[in-house]
Amino acid sequence: LVGVVVPVLLDKMGVDPALASGAFVTTMTDMVGFFAFLGLASVMLL
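Everything in the sequence shown is counted per our numbering, starting at 56 for the first residue and increasing by one.
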């Protein structure tokens, strides 16, 4: 979902989506994975 929304928003802002969206998508994917890992670890420890 982030991979679709971010380029559309960047295009509407006048920024080249091909150059800028990679960093945003990678950051969002890493954050979601990190927090999913923390959530799963906390459930396993409780």
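All C-beta atoms, glycine included, are put in the ideal place defined by N, C-alpha and C.
Around the Cβ of Val-98, a 10 Å sphere holds fewer than 16 other Cβ atoms; the residue is exposed.
Under the three-state reduction of DSSP, Gly-69 is assigned to coil, being neither helix nor strand.
Spatial neighbours of Val-57 in its own chain (CB-CB distance under 7 angstroms, excluding positions within 5 residues in sequence) are listed in chain order as Val-80, Met-83. With a threshold of 16 other beta carbon atoms within 10 Å, Val-63 falls short and is exposed.
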